[in-house]
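Enquirer: Structure in structure tokens, see below.
Numbering (UniProt numbering), first residue to last: 1 to 39.
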């Protein structure tokens, strides 16, 4: 049971870290200009 618990913990932790480190955009022109262009 321990490996399953550890796997779930790592998955939740990585999701939380991705949300924290994700670039935050604001509703202004500087933020819009800094976003990558779609290809």
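For glycine and all other residues, C-beta sits at the position ideal for the given N, C-alpha and C.
Helix, strand or coil for residue 25? Go by DSSP, reduced to three states.
Expert: The answer is coil: DSSP assigns residue 25 none of H, G, I, E or B.
Enquirer: Using a Cβ-based criterion (distance less than 7 Å to any ligand heavy atom), does residue 31 qualify as near the ligand NAP?
Expert: The ligand content of the structure shown is nil, which means the ligand NAP is not present either.
Enquirer: Is any beta-carbon of chain B found at less than 8 Å from that of residue 17?
Expert: No chain B appears in this structure, which consists of one protein chain only.
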